[in-house]
Amino acid sequence: MTSSALVAGDPARVGAYALAGRLGAGGQGVVYEAYGPSGERVAVKVLHAASAGLRPPDGEVAALSRVAPFCTARIVDFDLAAERPYIVSEFVPGPSLRAAVQRHGPLRGDQLHRLAVGVATALVAVHRAGVVHRDLKPDNVLLGPDGPRVIDFGIARLLTGSVTSGTRGAVGTPLYMAPEVLRGVPAGPEADVYGWAAVLLYAASGRPPYRAQAHTVEFPEPLRSLVPAGLAERPEDRPTARDLLLSLLERRADRQDLAEAGNRAAGAVGSRDDPVEPPLGERAELVFAALPEPVQAAVPGILVRLAGPGDQLRSAALDELGDDPAVPAAVEALCRASFLTATGTSSGTGAGTEIRIAAPALPVAWPRLRGWLAEERPGLADHERLRDAARAWAAHGRKDADLHQGSALERDNRWAGQARRNLRLNGLEREFLAASAALAGRRRRRRRLSLITLAVLLAVTAVLGTVAETQRRVVTAQRDEAIARRLAARVPELRLHAPSTALSLSVAAWRVSPVPEARVGLLASLGQADVSTGIDGEYVAVPGGHVLTWNGDGATVRDPASRETLGRVRSPRCCAGSFLSPDASLLVALDSTQFTTRLFDVRGGGLRRELDLGGNDAVFNARGDRAVILTHQSDRPVSVIDLPDGALVASLNKQNVTAVALSPDGGTLALADVRHRVELVDLASGRATRTIDVPLPAGEQEPYHGQVSALRFTPDGRTLLTHDAELRFWDAGTGAERTGHPGAGQRVDDFALDAGGRWLASVADDAIRLLDLRTSRQATVVFSLPSQVEELAFTGDARGLAYTVRPGGVRYADLSSYTAPPRLSGLGEEATHAALAVRAGRAATYGPDGVRAWDLATRRQVGPAIVFAAPSPGAVNEPSPCAELPEHVFQGVSLSPDGTRLAAVTPDGAVRVSDVATGRELARLLKRPPRRRGDLWEVSGVGFGPDGKTIAVSATYSAAGTCRREPVVQLWTAAPSWRLAHTTSPARGPFAFLPDGRRLVVLDDDGLVLVDAGSGKIVRRVGTGDIGIALDGLAPDPRYALTGVNALYLADLTTGRLVEPPLIGDSGVELAASSPDGRTLATVDSAQRVRVRDTSTGQAADLPFPGGAGPVLALAFSADGATLHALTSDGVLFAHTTDAERAAALLCARVGGSPPAADWSRYVPELPYRKVC
51 MTSSALVAGD
61 PARVGAYALA
71 GRLGAGGQGV
81 VYEAYGPSGE
91 RVAVKVLHAA
101 SAGLRPPDGE
111 VAALSRVAPF
121 CTARIVDFDL
131 AAERPYIVSE
141 FVPGPSLRAA
151 VQRHGPLRGD
161 QLHRLAVGVA
171 TALVAVHRAG
181 VVHRDLKPDN
191 VLLGPDGPRV
201 IDFGIARLLT
211 GSVTSGTRGA
221 VGTPLYMAPE
231 VLRGVPAGPE
241 ADVYGWAAVL
251 LYAASGRPPY
261 RAQAHTVEFP
271 EPLRSLVPAG
281 LAERPEDRPT
291 ARDLLLSLLE
301 RRADRQDLAE
311 AGNRAAGAVG
321 SRDDPVEPPL
331 GERAELVFAA
341 LPEPVQAAVP
351 GILVRLAGPG
361 DQLRSAALDE
371 LGDDPAVPAA
381 VEALCRASFL
391 TATGTSSGTG
401 AGTEIRIAAP
411 ALPVAWPRLR
421 GWLAEERPGL
431 ADHERLRDAA
441 RAWAAHGRKD
451 ADLHQGSALE
461 RDNRWAGQAR
471 RNLRLNGLER
481 EFLAASAALA
491 GRRRRRRRLS
501 LITLAVLLAV
511 TAVLGTVAET
521 QRRVVTAQRD
531 EAIARRLAAR
541 VPELRLHAPS
551 TALSLSVAAW
561 RVSPVPEARV
571 GLLASLGQAD
581 VSTGIDGEYV
591 AVPGGHVLTW
601 NGDGATVRDP
611 ASRETLGRVR
621 SPRCCAGSFL
631 SPDASLLVAL
641 DSTQFTTRLF
651 DVRGGGLRRE
661 LDLGGNDAVF
671 NARGDRAVIL
681 THQSDRPVSV
691 IDLPDGALVA
701 SLNKQNVTAV
711 ALSPDGGTLA
721 LADVRHRVEL
731 VDLASGRATR
741 TIDVPLPAGE
751 QEPYHGQVSA
761 LRFTPDGRTL
771 LTHDAELRFW
781 DAGTGAERTG
791 HPGAGQRVDD
801 FALDAGGRWL
811 ASVADDAIRL
821 LDLRTSRQAT
831 VVFSLPSQVE
841 ELAFTGDARG
851 LAYTVRPGGV
861 RYADLSSYTA
871 PPRLSGLGEE
881 ATHAALAVRA
891 GRAATYGPDG
901 VRAWDLATRR
911 QVGPAIVFAA
921 PSPGAVNEPS
931 PCAELPEHVF
941 QGVSLSPDGT
951 RLAAVTPDGA
961 VRVSDVATGR
971 ELARLLKRPP
981 RRRGDLWEVS
991 GVGFGPDGKT
1001 IAVSATYSAA
1011 GTCRREPVVQ
1021 LWTAAPSWRL
1031 AHTTSPARGP
1041 FAFLPDGRRL
1051 VVLDDDGLVL
1061 VDAGSGKIVR
1071 RVGTGDIGIA
1081 LDGLAPDPRY
1091 ALTGVNALYL
1101 ADLTTGRLVE
1111 PPLIGDSGVE
1121 LAASSPDGRT
1131 LATVDSAQRV
1141 RVRDTSTGQA
1151 ADLPFPGGAG
1161 PVLALAFSAD
1171 GATLHALTSD
1181 GVLFAHTTDA
1191 ERAAALLCAR
1201 VGGSPPAADW
1211 SRYVPELPYR
1221 KVC
């Protein structure tokens, strides 16, 4: 593939990519050779102006990036919202199939077969990502040095808009379109299969394809039968791309490595002498190396002068390039090689000629020029000022007034004498500096006569300098704040494709300027579970939560969390197909071509055993002492071997096996076949003990082409999981389906089970979710995936999840806050209510096993549990025909601020005050006296005041013989002993004390009331109107309360009015807490998301709180506001940092240090590189 020069009207850059030349133009747009910021070579397709404003569905655009790079040109970037939409793909050096056939004639034999394999492999990868090519033709198949590559997949779809609508007409090439597409039916995968067959017809005949040709062209088998089948009139009669590839590979590959096997089998299509144009940088280097040394020495100054500040290309007259005799020769040589263009004279390089760099991409594509520019860049702006001043001086008659003096002259001399590296001064610039220096000498002599005046001016200058320095600092601070805000805004979009970069840039934004947006960005990054490990390659897997990579030299095993190497096997015979035992001690290498299995010791690296067994898959039992060797969907035997010696345990003649699993003890083998049938085989006897017929997934009907693709035993061996689009759980002993099992019926793309059998990770809807199989609670741990997950596995302790994506390599998600959160030790049954006294480091829980106090630091119980006896008959509320009583008595609990006392509602409706250390009862706050038989009393809230000497109790009271319910709030004081001080009615609670303890906010039927705690009198009312009646505590500013059901409003306690607009517009806030300094508001919503907001900007961040834990019962900030504590019903006690410096340190530890210099220069080009960790 050879590029041509850019033409008038072509842009110099598209997005972040500099253009080098045209590769072609067609009905959809123009394709350019381009180079990225780091010099990487890419192909940029700029769609025609008619495509501007195109807005295809986000999911469809993202799907293009998920196509695995098997015989395809990988999509690396796109922007369909740009004025000229564009798509950036991997550059494939090689001709198109059409160009190759036109030059050399039709393909034959092995070349044709490899082409068929390569294009079918590409279609498998494209269809697996949920994309349809829709325009497969010879021009979209490039013959690269490593095999055929399919390009432009999905572009036609993007040009037609909606996924389902066909109103915009068929887009594509009619000669290669399927009949149904020509009739107006939207193209599906079957249309691509038709295109595959049509492309093969063209490749084999060299003529435009017509359906009748299939019977006139001589194809070898299996193409002789596959090509006519692909050209079938009805879409349903055509094979799938997967079926094509399996037939071409003679069914030697299973589902999981099919595309990979096709990629290997495709290879180069012939050894043709098609011209392959090397990258622009290599071409430039060849031309430069051929120049004589004096001419080489002139090249840096010429090109750097033409690049200019900011790498903005400019033109220059030939005489501006310098008076070195080598300059004309260098310019002529570079023009002859098309790296420079010369305009203005017929001779090309004569007087008046304007010289310009021909390809805008040259400064980034040629490493040598990048180096020259990097050396010169700090002084390019200084040189530009000198150059422009010299030209203006010459153009205006060389007046003294146009010369540089003072600091400008000092800057010029400093640059010319010290900072300059490759640029050479031309004659005019030297004359300008000499005239400026001469004028400075004359002025120095006159200056001696003006010392007194200068002394006065010096004082004035000092004042002005102070003002200037102040202004400079203000401008610098404003610049840094703008950069920090821009970085913080960029981070969310980077989380998908570059998670580690997103984390490090969060820290960078904070270090540049500690603006609120950067602080919230840091906290949001703490909630990002996954990071990139930086481990990638053509062959990579994550068996058992370890990272296994291999190539022609051997295999390496790494820990995904630390990236440390656990072992290496250095053997070219080890790694055609490698599988790792659960403990990562043994590598099983399968050679399907030589029908050989080799066992390698990972830590020692040596070969243990070589067996005469072949296959393409190996599956281990949980203990790792047995393995199954098989070939998927074949008639070869399924072998079971002992490890590590490799002794054969059993060999079973089972055909068309799609998945296997070994029970943890290695005694039972489960096998699934293409009939959706699973057999459980006892390996000791060799007999099938149970047969399970797996139903089709819900909503599917025959004929159904899916299959049971995965089997797993739970660690106890009692349950078997099957997966075919959806998960099913089976009793391994009886074969009965466990339809009520947590996770049963979920539709997932892939899944993993941890070694303990408690956690199930699943991939579905571009996210990874975690299911607790004990509690049925589920949480999303990775909210968005950049591409298809090829494999995922838990680490041995279930604290992490390793998974692979293409592109992207291996990623690691930290699950410790989900699978191993800090818990209260010995809580027992789940609590129903809880309280936090963070300043005292205490917590209290109330549940079926009583009231308990806890130490937050050790998470251990403090003092004895307080267990209440069941109330005697008649001691609780009696039924009333006019009142509805709750089924259970409210179990409220509160801790005094110093953590020494607690107040809890007793089963008979009283409030008991107890000493935490001893459990001794200090007081019992009785029901409202006088207590009469038939009175109804319901306590709904209890809480200590800030001084610990006041307790508020909210309750509802109905006198005997009446149906009127009277809400009240009682205020009890501890001096000299606990006594009822005041009763406020009709306030019904809940309530919140103001920090001074002298007032409290209480909820009533019309809104909020502010009550004086000393007198019990209502001070002010705040009507809540239509927003709903609720009280969520106090805002960060105690002048305000938080209220609202469908949104969270500030209620101004000084004016009695609501503050518009609402603080939080979404609904479902169940708990709220504010930091002592008022900067941060924390909330818990109905989905149990713990979210913090910066009160100055309203920006929010979700903290890494596991949705799999129980409901949050208590929420409170530490005294310094740097930590947010959350306590759940099942005793999970989280301490989330809300301090930016602590958050930055945690993120630095996760990513392993500061961002690379390349990332810094890309995202923070305005500032010099600095370490932020």
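Just so you know, the sequence shown maps onto residues 51 to 1223 in the numbering used here.
Where a beta carbon is used, it is the ideal one built from N, C-alpha and C, also for glycine.
Check: Please tell me whether T1006 and T1023 are closer than 8 Å, where the distance is taken between their beta carbons.; Outcome: no
Check: So, helix, strand or coil for V607, using DSSP?; Outcome: strand
Check: Helix, strand or coil, according to DSSP, for P143 in the structure here?; Outcome: coil
Check: Figure out for me which residue from L698, P239, G74 has the closest Cα to the Cα of A734.; Outcome: L698
Check: Closer than 8 Å is the cut-off here; do at least three beta carbon pairs connect the segment 900-912 with the segment 874-889?; Outcome: yes
Check: In chain order, which beta strand (DSSP E) runs of at least 3 residues are fully inside the segment 662-714?; Outcome: 667-670, 676-680, 688-692, 698-702, 707-712
Check: What's the call for S1146, buried or exposed, on a 16-neighbour Cβ count within 10 Å?; Outcome: exposed
Check: Whole-angstrom Cβ separation of A782 and R768, contact assumed at under 8 Å?; Outcome: 6 Å
Check: Look at the alpha carbon of Q796 and the alpha carbon of L1153, and state the distance between them as a whole number of angstroms.; Outcome: 27 Å
Check: Below 8 Å, can you find three or more Cβ-Cβ pairs linking the segment 385-392 to the segment 452-462?; Outcome: no
Check: Could you check if S1125 is buried or exposed, using at least 16 other CB atoms within 10 Å of its CB as the buried criterion?; Outcome: buried
Check: Of the choices T290, A579, F269, T1104, whose alpha-carbon is the least far from that of A852?; Outcome: A579
Check: Let me check understanding here. Comparing Cα to Cα, which of A392, V888, E531 lies closest to L1272?; Outcome: Here the chain has residues from 51 to 1223 only, and residue 1272 is not among them.
Check: Does D287 come out as helix, strand or coil in the three-state DSSP assignment?; Outcome: helix
Check: With DSSP as the reference, label D452 as helix, strand or coil.; Outcome: helix
Check: Could you tell me whether the Cβ atoms of L97 and R124 are closer together than 8 Å?; Outcome: no
Check: Ordered along the chain, which non-local residues of its own chain (more than five positions away) have a Cβ less than 7 Å from that of G256?; Outcome: V151, G155, P156
Check: Mind pulling the alpha helix (DSSP H) runs of 4 or more residues that sit fully within the segment 1147-1213?; Outcome: 1190-1201, 1207-1213
Check: Counting along the chain, where does the alpha helix (DSSP H) carrying W443 start and finish?; Outcome: 417-445
Check: I need the straight-line Cα distance from G785 to G859, nearest angstrom please.; Outcome: 39 Å
Check: Between the C-alpha atoms of L544 and V1003, what's the straight-line distance to the nearest angstrom?; Outcome: 50 Å
Check: For A132, which residues of its own chain have a beta-carbon under 6 Å away from its beta-carbon, when the five flanking residues on both sides are left out?; Outcome: none
Check: Can you confirm whether W416, when its beta carbon is compared against all beta carbons of chain B, has any partner nearer than 8 Å?; Outcome: The chain labelled as chain B is not found in the depicted structure, where only one protein chain is given.
Check: Figure out for me which residue from G959, A1123, R909 has the closest Cα to the Cα of G1181.; Outcome: R909
Check: My understanding is that V354 touches L423, with C-beta atoms under 8 Å, so please give their C-beta distance in whole angstroms.; Outcome: 6 Å
Check: Among residues of its own chain, excluding the 5 on either side of P359, which ones have a beta-carbon nearer than 6 Å to its beta-carbon?; Outcome: L430, A431, E434
Check: With distances taken Cα to Cα, identify the nearest neighbour of S837 among R153, A179, R148, Q78.; Outcome: A179
Check: Quick one: Cα of L489 to Cα of G584, how far?; Outcome: 60 Å
Check: Over the uninterrupted beta strand (DSSP E) stretch that includes S556, give me the two end residues.; Outcome: Note, S556: premise wrong, no beta strand (DSSP E); alpha helix (DSSP H) at 549-562.
Check: Could you please give the first and the last residue of the uninterrupted alpha helix (DSSP H) stretch that includes I742?; Outcome: First-last for I742: 737-743, but that is the beta strand (DSSP E), not the alpha helix (DSSP H).
Check: Rounded to a whole number of angstroms, what is the C-alpha to C-alpha distance between R778 and A973?; Outcome: 56 Å
Check: Looking only at C-alpha atoms, which of A748, L1021, R535 sits nearest to A1031?; Outcome: L1021
Check: Could you have a look at D815 and say whether DSSP puts it in helix, strand or coil?; Outcome: coil
Check: State yes or no: is the C-beta of P259 within less than 8 Å of the C-beta of L225?; Outcome: yes
Check: Once DSSP output is grouped into helix, strand and coil, what is the label at Y67?; Outcome: strand
Check: Name the one or two DSSP bridge partners that K1067 has.; Outcome: According to DSSP, K1067 bridges with nothing at all.
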